[in-house]
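S.K.:
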Amino acid sequence: MARRIRFPRSRALAAAAILVVAILSVALVYRQRPPVLHVQSGFEMGTFVEIRAYGGKNAADAISRGFERLREIERLMSTSIPESDIAKLNTAQPRTPVQVHPDTAHVVSSAIAYAQKTGGAFDPTVGKLVELWAIGSGNETVPTSDEIRDALLGVGYENLVVDSKQSRITRLTDLRLDLGAIAKGYASDEIVELLVAENISGGVVDLGGNIRVFGRNPLRKQWRIGIQDPFRPRGSYIGTVDISSGAVATSGDYERYFVADGVRYHHILDPESGYPASPQLKSVTVVAETGIEADALSTGLFVLGLDEMFDFIENVPSVGVIAITADRRVIVSSGIAHAFVKASEDFEYEIR
(Lines of atoms letter the chains of each structure in order from A and count residues from 1; the text may use other names and numbers.)
(Lines give C-alpha, C1' and ligand atoms only; values in the text may rest on other atoms or scores of the structure.)
Protein backbone atom coordinates (compact mmCIF):
# COMPACT_ATOMS: atom_id res chain seq x y z
CA MET A 1 0.00 0.00 0.00
CA ALA A 2 1.49 3.36 -1.00
CA ARG A 3 1.64 6.04 1.67
CA ARG A 4 1.59 9.73 0.93
CA ILE A 5 4.39 11.82 2.28
CA ARG A 6 5.56 15.39 2.20
CA PHE A 7 8.88 15.98 0.52
CA PRO A 8 10.81 19.15 1.37
CA ARG A 9 10.48 21.96 -1.12
CA SER A 10 13.60 22.37 -3.24
CA ARG A 11 15.20 25.62 -4.17
CA ALA A 12 14.81 26.94 -7.69
CA LEU A 13 16.50 24.65 -10.21
CA ALA A 14 19.22 26.12 -12.35
CA ALA A 15 19.96 25.76 -16.05
CA ALA A 16 17.75 24.98 -19.01
CA ALA A 17 18.71 21.95 -21.07
CA ILE A 18 17.32 19.88 -23.92
CA LEU A 19 17.91 16.71 -21.98
CA VAL A 20 15.35 14.56 -20.17
CA VAL A 21 17.70 14.43 -17.22
CA ALA A 22 20.07 17.37 -16.47
CA ILE A 23 22.92 17.95 -14.07
CA LEU A 24 22.24 20.78 -11.62
CA SER A 25 24.94 22.74 -9.83
CA VAL A 26 25.06 24.63 -6.54
CA ALA A 27 27.56 27.27 -5.35
CA LEU A 28 30.22 26.58 -2.76
CA VAL A 29 33.43 28.38 -1.77
CA TYR A 30 36.61 26.34 -2.09
CA ARG A 31 39.64 26.58 0.14
CA GLN A 32 41.65 25.15 -2.74
CA ARG A 33 41.58 25.94 -6.41
CA PRO A 34 38.92 23.67 -7.96
CA PRO A 35 39.75 21.35 -10.86
CA VAL A 36 39.14 22.74 -14.32
CA LEU A 37 35.91 21.76 -16.07
CA HIS A 38 36.31 20.44 -19.62
CA VAL A 39 33.17 19.99 -21.72
CA GLN A 40 32.60 18.49 -25.16
CA SER A 41 29.26 17.86 -26.83
CA GLY A 42 28.02 16.41 -30.09
CA PHE A 43 25.37 14.31 -31.77
CA GLU A 44 26.12 10.59 -31.60
CA MET A 45 24.04 7.40 -31.51
CA GLY A 46 21.04 9.41 -32.67
CA THR A 47 21.04 11.73 -29.66
CA PHE A 48 22.69 14.75 -28.05
CA VAL A 49 25.80 13.77 -26.10
CA GLU A 50 27.75 15.77 -23.55
CA ILE A 51 30.80 14.71 -21.56
CA ARG A 52 32.00 16.82 -18.63
CA ALA A 53 35.28 16.01 -16.95
CA TYR A 54 37.04 17.73 -14.08
CA GLY A 55 40.79 17.39 -14.22
CA GLY A 56 44.11 18.61 -15.48
CA LYS A 57 45.64 19.08 -18.90
CA ASN A 58 44.79 15.56 -20.04
CA ALA A 59 41.04 15.94 -19.47
CA ALA A 60 40.25 17.37 -22.91
CA ASP A 61 42.15 14.56 -24.65
CA ALA A 62 40.43 11.99 -22.43
CA ILE A 63 37.02 13.35 -23.41
CA SER A 64 37.96 13.12 -27.09
CA ARG A 65 38.92 9.49 -26.60
CA GLY A 66 35.58 8.98 -24.88
CA PHE A 67 33.80 10.22 -27.99
CA GLU A 68 35.91 7.89 -30.12
CA ARG A 69 34.92 4.97 -27.90
CA LEU A 70 31.28 5.98 -28.30
CA ARG A 71 31.59 6.01 -32.08
CA GLU A 72 33.29 2.62 -32.01
CA ILE A 73 30.35 1.15 -30.08
CA GLU A 74 27.89 2.74 -32.50
CA ARG A 75 29.75 1.25 -35.48
CA LEU A 76 29.40 -2.18 -33.88
CA MET A 77 25.82 -2.03 -32.64
CA SER A 78 23.81 0.30 -34.87
CA THR A 79 21.03 -1.27 -36.94
CA SER A 80 21.44 1.43 -39.60
CA ILE A 81 25.14 0.88 -40.37
CA PRO A 82 25.36 -1.97 -42.93
CA GLU A 83 28.81 -3.06 -41.73
CA SER A 84 27.84 -3.26 -38.05
CA ASP A 85 27.77 -6.53 -36.15
CA ILE A 86 24.03 -6.15 -35.58
CA ALA A 87 23.30 -5.53 -39.27
CA LYS A 88 25.34 -8.61 -40.20
CA LEU A 89 23.51 -10.68 -37.61
CA ASN A 90 20.11 -9.51 -38.81
CA THR A 91 20.87 -10.47 -42.41
CA ALA A 92 22.60 -13.79 -41.74
CA GLN A 93 20.78 -17.05 -42.31
CA PRO A 94 19.11 -18.38 -39.16
CA ARG A 95 21.20 -20.95 -37.27
CA THR A 96 24.40 -19.55 -38.79
CA PRO A 97 26.95 -18.48 -36.13
CA VAL A 98 28.21 -14.95 -36.78
CA GLN A 99 31.58 -13.75 -35.55
CA VAL A 100 31.22 -10.44 -33.69
CA HIS A 101 33.35 -8.10 -31.63
CA PRO A 102 33.63 -9.06 -27.94
CA ASP A 103 31.81 -5.81 -27.05
CA THR A 104 28.82 -6.89 -29.10
CA ALA A 105 28.79 -10.38 -27.60
CA HIS A 106 28.90 -8.87 -24.12
CA VAL A 107 26.03 -6.44 -24.73
CA VAL A 108 23.82 -9.07 -26.39
CA SER A 109 24.53 -11.49 -23.55
CA SER A 110 23.63 -8.75 -21.04
CA ALA A 111 20.47 -7.95 -22.99
CA ILE A 112 19.38 -11.59 -22.78
CA ALA A 113 20.03 -11.54 -19.03
CA TYR A 114 17.83 -8.46 -18.55
CA ALA A 115 15.16 -10.01 -20.75
CA GLN A 116 15.16 -13.03 -18.47
CA LYS A 117 15.04 -10.88 -15.32
CA THR A 118 12.07 -8.86 -16.58
CA GLY A 119 10.18 -11.83 -17.98
CA GLY A 120 10.56 -10.50 -21.52
CA ALA A 121 9.32 -6.97 -20.79
CA PHE A 122 12.74 -5.88 -22.00
CA ASP A 123 13.55 -7.80 -25.18
CA PRO A 124 16.37 -7.00 -27.64
CA THR A 125 14.62 -8.94 -30.43
CA VAL A 126 11.86 -6.36 -31.06
CA GLY A 127 13.59 -5.17 -34.22
CA LYS A 128 10.76 -6.18 -36.56
CA LEU A 129 8.26 -4.30 -34.42
CA VAL A 130 10.50 -1.23 -34.34
CA GLU A 131 10.83 -1.34 -38.13
CA LEU A 132 7.08 -1.84 -38.55
CA TRP A 133 6.03 1.13 -36.39
CA ALA A 134 8.98 3.29 -37.59
CA ILE A 135 8.30 5.81 -34.82
CA GLY A 136 10.61 8.79 -35.13
CA SER A 137 11.32 8.16 -38.82
CA GLY A 138 8.79 10.67 -40.14
CA ASN A 139 6.99 7.84 -41.99
CA GLU A 140 4.92 6.47 -39.12
CA THR A 141 1.68 4.63 -39.72
CA VAL A 142 -0.47 2.48 -37.47
CA PRO A 143 0.15 -1.15 -38.49
CA THR A 144 -2.71 -3.55 -39.08
CA SER A 145 -3.34 -6.30 -36.56
CA ASP A 146 -2.11 -8.83 -39.12
CA GLU A 147 1.15 -6.93 -39.58
CA ILE A 148 1.69 -6.80 -35.84
CA ARG A 149 0.94 -10.51 -35.49
CA ASP A 150 3.49 -11.32 -38.19
CA ALA A 151 6.13 -9.08 -36.58
CA LEU A 152 5.54 -10.72 -33.19
CA LEU A 153 6.51 -14.06 -34.70
CA GLY A 154 10.05 -12.70 -34.86
CA VAL A 155 10.18 -11.63 -31.20
CA GLY A 156 11.79 -13.95 -28.68
CA TYR A 157 15.09 -13.53 -26.87
CA GLU A 158 15.08 -17.29 -26.24
CA ASN A 159 16.04 -17.69 -29.91
CA LEU A 160 19.41 -15.99 -29.44
CA VAL A 161 22.51 -18.02 -28.57
CA VAL A 162 25.70 -16.25 -27.50
CA ASP A 163 29.08 -17.97 -27.35
CA SER A 164 30.95 -15.40 -25.27
CA LYS A 165 34.27 -17.26 -25.37
CA GLN A 166 34.32 -17.37 -29.17
CA SER A 167 32.42 -14.06 -29.63
CA ARG A 168 29.81 -15.71 -31.81
CA ILE A 169 26.07 -15.13 -31.89
CA THR A 170 23.47 -17.34 -33.54
CA ARG A 171 19.86 -16.49 -34.34
CA LEU A 172 17.76 -19.62 -34.22
CA THR A 173 14.90 -17.88 -36.06
CA ASP A 174 14.56 -14.92 -38.41
CA LEU A 175 14.40 -12.40 -35.56
CA ARG A 176 15.71 -8.83 -35.67
CA LEU A 177 18.06 -7.56 -33.00
CA ASP A 178 17.76 -3.96 -31.82
CA LEU A 179 20.04 -2.78 -29.00
CA GLY A 180 18.60 0.73 -28.87
CA ALA A 181 17.40 0.26 -25.28
CA ILE A 182 20.74 -0.89 -23.86
CA ALA A 183 23.69 0.21 -26.03
CA LYS A 184 23.80 3.82 -24.79
CA GLY A 185 23.91 2.62 -21.20
CA TYR A 186 26.81 0.33 -22.03
CA ALA A 187 28.58 3.15 -23.85
CA SER A 188 28.27 5.43 -20.82
CA ASP A 189 29.93 2.78 -18.65
CA GLU A 190 32.76 2.36 -21.14
CA ILE A 191 33.40 6.10 -21.33
CA VAL A 192 33.52 6.38 -17.54
CA GLU A 193 35.97 3.47 -17.38
CA LEU A 194 38.19 5.27 -19.88
CA LEU A 195 38.03 8.58 -17.97
CA VAL A 196 38.83 6.91 -14.66
CA ALA A 197 41.83 5.19 -16.25
CA GLU A 198 43.03 8.66 -17.29
CA ASN A 199 42.92 9.80 -13.63
CA ILE A 200 40.03 12.21 -14.18
CA SER A 201 38.85 13.29 -10.72
CA GLY A 202 35.15 13.29 -11.56
CA GLY A 203 32.69 13.80 -14.34
CA VAL A 204 29.35 13.36 -16.03
CA VAL A 205 28.52 11.43 -19.19
CA ASP A 206 25.14 12.34 -20.66
CA LEU A 207 23.91 10.31 -23.62
CA GLY A 208 20.51 11.80 -24.40
CA GLY A 209 19.23 11.41 -20.86
CA ASN A 210 21.26 8.33 -19.98
CA ILE A 211 23.36 9.87 -17.21
CA ARG A 212 26.49 8.29 -15.72
CA VAL A 213 28.46 10.03 -12.98
CA PHE A 214 31.70 9.19 -11.19
CA GLY A 215 34.20 10.66 -8.77
CA ARG A 216 33.84 13.97 -6.98
CA ASN A 217 32.10 16.96 -8.46
CA PRO A 218 33.87 20.32 -8.00
CA LEU A 219 31.71 21.07 -4.96
CA ARG A 220 32.74 17.86 -3.20
CA LYS A 221 29.07 16.97 -2.86
CA GLN A 222 26.83 14.38 -4.48
CA TRP A 223 25.76 14.80 -8.07
CA ARG A 224 22.30 16.32 -8.37
CA ILE A 225 20.20 14.96 -11.24
CA GLY A 226 17.00 16.65 -12.40
CA ILE A 227 14.02 14.48 -13.37
CA GLN A 228 12.18 15.82 -16.41
CA ASP A 229 8.55 16.92 -16.10
CA PRO A 230 6.92 14.93 -18.95
CA PHE A 231 4.11 17.48 -19.29
CA ARG A 232 6.37 20.51 -19.77
CA PRO A 233 9.25 21.62 -22.03
CA ARG A 234 12.79 20.33 -21.65
CA GLY A 235 14.50 21.71 -18.60
CA SER A 236 11.38 21.58 -16.40
CA TYR A 237 11.73 19.20 -13.47
CA ILE A 238 9.42 17.37 -11.09
CA GLY A 239 12.27 16.82 -8.67
CA THR A 240 15.90 15.95 -8.21
CA VAL A 241 17.81 12.92 -6.98
CA ASP A 242 21.29 13.07 -5.43
CA ILE A 243 23.78 10.26 -6.10
CA SER A 244 27.49 9.90 -5.38
CA SER A 245 28.12 7.55 -8.32
CA GLY A 246 26.22 5.34 -10.72
CA ALA A 247 23.63 5.93 -13.41
CA VAL A 248 20.23 7.47 -14.01
CA ALA A 249 18.18 6.65 -17.12
CA THR A 250 14.66 7.65 -18.13
CA SER A 251 12.21 6.13 -20.60
CA GLY A 252 9.23 8.32 -21.40
CA ASP A 253 6.27 8.33 -23.75
CA TYR A 254 6.97 11.97 -24.64
CA GLU A 255 10.36 11.30 -26.23
CA ARG A 256 9.24 9.92 -29.61
CA TYR A 257 5.64 9.53 -30.69
CA PHE A 258 3.09 10.32 -33.37
CA VAL A 259 -0.64 10.99 -33.43
CA ALA A 260 -3.06 9.27 -35.80
CA ASP A 261 -6.84 9.78 -35.74
CA GLY A 262 -6.54 11.50 -32.40
CA VAL A 263 -4.64 8.62 -30.78
CA ARG A 264 -1.08 9.08 -29.50
CA TYR A 265 1.40 6.25 -30.16
CA HIS A 266 4.81 6.32 -28.44
CA HIS A 267 7.99 4.39 -29.19
CA ILE A 268 8.21 2.09 -26.13
CA LEU A 269 6.77 -1.12 -27.55
CA ASP A 270 5.44 -4.05 -25.55
CA PRO A 271 7.15 -7.23 -26.85
CA GLU A 272 4.05 -9.25 -25.93
CA SER A 273 1.27 -7.17 -27.50
CA GLY A 274 3.25 -5.45 -30.23
CA TYR A 275 1.67 -2.09 -29.33
CA PRO A 276 3.01 0.88 -27.34
CA ALA A 277 3.20 -0.02 -23.66
CA SER A 278 1.41 1.18 -20.54
CA PRO A 279 -0.81 4.23 -21.20
CA GLN A 280 -0.92 4.63 -17.41
CA LEU A 281 2.71 5.82 -17.36
CA LYS A 282 4.40 8.96 -18.67
CA SER A 283 7.95 8.11 -17.66
CA VAL A 284 10.09 5.74 -15.64
CA THR A 285 13.46 6.81 -14.24
CA VAL A 286 15.83 4.15 -12.95
CA VAL A 287 18.75 4.79 -10.60
CA ALA A 288 21.30 1.97 -10.73
CA GLU A 289 24.97 1.21 -10.25
CA THR A 290 25.72 0.93 -13.98
CA GLY A 291 24.49 2.61 -17.13
CA ILE A 292 23.71 -0.65 -18.87
CA GLU A 293 21.39 -1.71 -16.03
CA ALA A 294 19.65 1.67 -15.78
CA ASP A 295 19.12 1.81 -19.55
CA ALA A 296 17.70 -1.70 -19.92
CA LEU A 297 15.52 -1.54 -16.82
CA SER A 298 14.03 1.88 -17.60
CA THR A 299 12.52 0.30 -20.71
CA GLY A 300 11.68 -3.04 -19.12
CA LEU A 301 9.97 -1.51 -16.09
CA PHE A 302 7.97 0.89 -18.25
CA VAL A 303 6.63 -2.12 -20.14
CA LEU A 304 5.91 -4.04 -16.93
CA GLY A 305 3.65 -1.24 -15.72
CA LEU A 306 3.24 0.43 -12.35
CA ASP A 307 2.37 -2.44 -10.01
CA GLU A 308 4.66 -5.09 -11.50
CA MET A 309 7.48 -2.55 -11.63
CA PHE A 310 7.50 -2.08 -7.87
CA ASP A 311 7.08 -5.80 -7.26
CA PHE A 312 10.20 -6.29 -9.39
CA ILE A 313 12.45 -3.84 -7.56
CA GLU A 314 11.57 -5.29 -4.16
CA ASN A 315 13.98 -8.06 -5.15
CA VAL A 316 16.62 -5.69 -6.55
CA PRO A 317 17.62 -3.42 -3.64
CA SER A 318 20.42 -1.75 -5.62
CA VAL A 319 17.89 -0.24 -8.05
CA GLY A 320 15.69 2.79 -7.42
CA VAL A 321 12.68 3.95 -9.44
CA ILE A 322 10.79 7.20 -9.96
CA ALA A 323 7.57 6.64 -11.93
CA ILE A 324 5.37 9.45 -13.26
CA THR A 325 1.80 8.56 -14.19
CA ALA A 326 -0.63 10.04 -16.68
CA ASP A 327 -2.78 11.30 -13.79
CA ARG A 328 0.14 13.32 -12.38
CA ARG A 329 1.40 11.11 -9.60
CA VAL A 330 5.09 10.73 -8.80
CA ILE A 331 5.84 7.41 -7.13
CA VAL A 332 9.31 6.99 -5.64
CA SER A 333 10.72 3.65 -4.51
CA SER A 334 11.55 3.58 -0.81
CA GLY A 335 15.22 2.83 -1.38
CA ILE A 336 15.94 6.25 -2.93
CA ALA A 337 13.27 8.36 -1.20
CA HIS A 338 15.93 9.90 1.07
CA ALA A 339 17.78 11.23 -1.99
CA PHE A 340 14.74 12.67 -3.77
CA VAL A 341 13.53 16.28 -3.42
CA LYS A 342 10.35 17.42 -5.12
CA ALA A 343 10.41 20.51 -7.32
CA SER A 344 6.82 20.97 -8.48
CA GLU A 345 3.43 21.48 -6.86
CA ASP A 346 1.65 20.05 -9.91
CA PHE A 347 1.96 16.42 -8.77
CA GLU A 348 0.99 14.13 -5.93
CA TYR A 349 4.05 12.45 -4.43
CA GLU A 350 4.14 8.97 -2.92
CA ILE A 351 6.69 6.48 -1.61
CA ARG A 352 6.18 2.82 -2.36
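Using the working numbering, you'd call the opening residue of the sequence shown number 41 and step up by one each time. All C-beta atoms in this analysis are idealised placements derived from N, C-alpha and C, irrespective of residue type, glycine included. Treat the numbers as computed from the prediction; the structure is a model and nothing was measured.
DSSP on I265, reduced to helix/strand/coil?
M.R.: Along the sequence shown, one-based indexing puts residue 265 at 225. Strand.
S.K.: Within a Cβ cutoff of 7 Å, which residues of the same chain sit near P75, ignoring the five residues on either side of it in sequence?
M.R.: Residue 75 sits at position 35 when you count from the first residue of the sequence shown. Excluding positions up to five away in sequence, the list reads Y94, G95, S241, P258.
S.K.: Considering Q156, what are the terminal residues of the alpha helix (DSSP H) in which it resides?
M.R.: Against the sequence shown, residue 156 aligns to sequence position 116. Its alpha helix (DSSP H) spans residues 142–157.
S.K.: Less than 6 Å between C-beta atoms, sequence neighbours within five positions excluded: which residues of the same chain meet that for S1?
M.R.: Residue 1 lies beyond the residue range present for the chain, which begins at 41 and ends at 392; the question has no answer from this structure.
S.K.: Just to confirm, is the Cβ distance from G279 to V381 under 7 Å?
M.R.: Numbered from 1 along the sequence shown, position 239 holds the residue referred to as residue 279. Numbered from 1 along the sequence shown, position 341 holds the residue referred to as residue 381. Yes. Within cutoff.
S.K.: For L192, which residues in the same chain have their Cβ closer than 6 Å to its Cβ, ignoring the five residues on either side in sequence?
M.R.: Numbered from its first residue, the sequence shown carries residue 192 at position 152. The answer, listed in chain order, is G314.
S.K.: Whose CA, out of A336, S338, S374, lies closest to the CA of E354?
M.R.: Indexing the sequence shown from 1 puts residue 354 at position 314. The residue with the shortest Cα to Cα distance from E354 is S374.
S.K.: Are the Cβ atoms of F352 and E180 separated by less than 7 Å?
M.R.: In the sequence shown, counting from the first residue as 1, residue 352 sits at position 312. In the sequence shown, counting from the first residue as 1, residue 180 sits at position 140. It is not a contact, given that the beta carbons lie outside the stated cut-off.
S.K.: Quickly, what does DSSP pair Y197 with across the bridge? List them, please.
M.R.: Here residue 197 is taken as the residue at index 157 of the sequence shown, counted from 1. DSSP lists no partner for Y197.
S.K.: Answer yes if the stretch 156–169 comes into contact with the stretch 332–348, meaning at least three C-beta pairs across the two stretches below 8 Å, and no otherwise.
M.R.: Touching, yes.
S.K.: Runs of 4 residues minimum, wholly inside the stretch 203–274: which ones carry the alpha helix (DSSP H) assignment?
M.R.: Runs of the alpha helix (DSSP H) inside the stretch 203–274: 223–237.
S.K.: Look up Y305 in the DSSP assignment and give the residues it is bridged to.
M.R.: The count along the sequence shown starts at 1 and reaches residue 305 at position 265. Per DSSP, F298.
S.K.: Does DSSP put I121 in a helix, a strand or coil?
M.R.: Against the sequence shown, residue 121 aligns to sequence position 81. It is coil, neither helix nor strand.
S.K.: How many whole angstroms separate the CB atoms of L215 and G196, which I take to be in contact at a CB cut-off of 8 Å?
M.R.: The sequence position of residue 215 within the sequence shown is 175, counting from 1. The sequence position of residue 196 within the sequence shown is 156, counting from 1. Indeed, because the Cβ distance is near 6 Å, the residues count as touching under 8 Å.
S.K.: Buried or exposed for I376, please, with buried defined as at least 16 other CB atoms from any protein chain shown within 10 angstroms of its CB.
M.R.: Here residue 376 refers to the residue found at position 336 when the sequence shown is read from its first residue. When all chains shown are included, I376 counts as buried.
S.K.: Cα separation between D310 and G340?
M.R.: Here residue 310 is taken as the residue at index 270 of the sequence shown, counted from 1. Here residue 340 is taken as the residue at index 300 of the sequence shown, counted from 1. Taking the straight line from one Cα to the other gives about 9 Å.
S.K.: From D282 to E112, what does the alpha carbon distance come to, in whole angstroms?
M.R.: On the sequence shown, position 242 is the one that residue 282 refers to. On the sequence shown, position 72 is the one that residue 112 refers to. Those two C-alpha atoms are separated by around 31 Å.
S.K.: Buried or exposed: Q133, going by 16 or more other Cβ atoms within 10 Å of its Cβ?
M.R.: Taking the sequence shown and counting its residues from 1, the one referred to as residue 133 is at position 93. With fewer than 16 Cβ atoms within 10 Å of its Cβ, Q133 is classed as exposed.
S.K.: Measuring only the C-alpha atoms, how far is E348 from G360?
M.R.: Here the question's residue 348 lines up with position 308 in the sequence shown. Here the question's residue 360 lines up with position 320 in the sequence shown. So the two alpha carbons sit approximately 14 Å from each other.
S.K.: If you check the beta carbons only, do N98 and E238 fall under 7 Å apart?
M.R.: By 1-based counting over the sequence shown, the position of residue 98 is 58. By 1-based counting over the sequence shown, the position of residue 238 is 198. In this structure, E238 lies closer than 7 Å to N98 by Cβ.
S.K.: Need the endpoints of the beta strand (DSSP E) that V361 sits in, please.
M.R.: Within the sequence shown, numbered from 1, the residue matching residue 361 stands at position 321. Counting along the chain, the beta strand (DSSP E) containing V361 begins and ends at 360–365.
S.K.: Could you name the residues that DSSP lists as bridge partners for E187?
M.R.: Your numbering for residue 187 matches position 147 in the sequence shown. The partner list for E187 (beta bridge, DSSP) is empty, contrary to what the question assumes.
S.K.: At a cut-off of 6 Å, would you count L200 as near the ligand HEM, judging by its Cβ distance to the nearest heavy atom?
M.R.: No copy of the ligand HEM appears in this structure; indeed no ligand is present at all.
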